[in-house]
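The next block holds one structure in the form of structure tokens; read it before the comments.
Residue numbers (our numbering): 1243 to 1459.
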């Protein structure tokens, strides 16, 4: 056990870092995931003295009956502990839904522009002093272009496809609607290509065009 030395030396700092990394890794990536799996399997949120409607509400619950996930760091910790790509995907989706609603309510209450909320859970930059003073979740998953944002969008737009994704029957990429490519008019395609040509290629193309014009007369 490392002593509580207020002024540790180099070797002691090195030893402390190694110990804490090892301990944190075991807690976050082994012990906590096992506990979260058991909570989900037994649906503990239904059995608290104050029952919650789903795992997401239970995770964000600030009473002794909830998990108290109240800021970005704790939310990241929960995400790291959940096997969201497999059997926990539906429950992670519930967490995202509760987070999005909660953060939008915060923004409305505090008059914080949506653009100042974080698109990424690991984002550290704070865009407003008011937001910096809030020790709360500032991650808005519906703004994210990551799997979190796509999952929320799918949940709202196509519940059947969403269910297929969280049940592992379909990959998220397959379920998302594919963007339709705008068909350009031939002359627009030529214009786009022309603008990307080098000077010499443009001159050669214009010379050819002039020759073609003369042939049409």
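Where a beta carbon is used, it is the ideal one built from N, C-alpha and C, also for glycine.
For residue 1360, the beta-bridge partners assigned by DSSP are 1381. Per DSSP, the unbroken alpha helix (DSSP H) holding residue 1278 starts and ends at 1274-1284. The straight-line gap separating the alpha-carbon atoms of residue 1335 and residue 1255 is approximately 40 Å. Note on residue 1381: 16 or more other CB atoms within 10 angstroms of its CB, so buried under the neighbour-count rule. The C-alpha of residue 1386 is placed about 17 Å away from the C-alpha of residue 1419. The DSSP-derived three-state label of residue 1434 is helix. The residues 1407, in chain order, have a CB closer than 8 Å to that of residue 1413 in the same chain once the five nearest residues on each side in sequence are set aside. Put simply, the backbone Cα of residue 1354 is about 40 Å away from that of residue 1258. Contact between residue 1301 and residue 1311 holds, with the beta-carbon distance rounding to 5 Å and staying under 8 Å. A straight line joining the alpha-carbon of residue 1417 with that of residue 1449 spans about 49 Å.
The three-state reading of DSSP puts residue 1346 in helix, counting H, G and I together.
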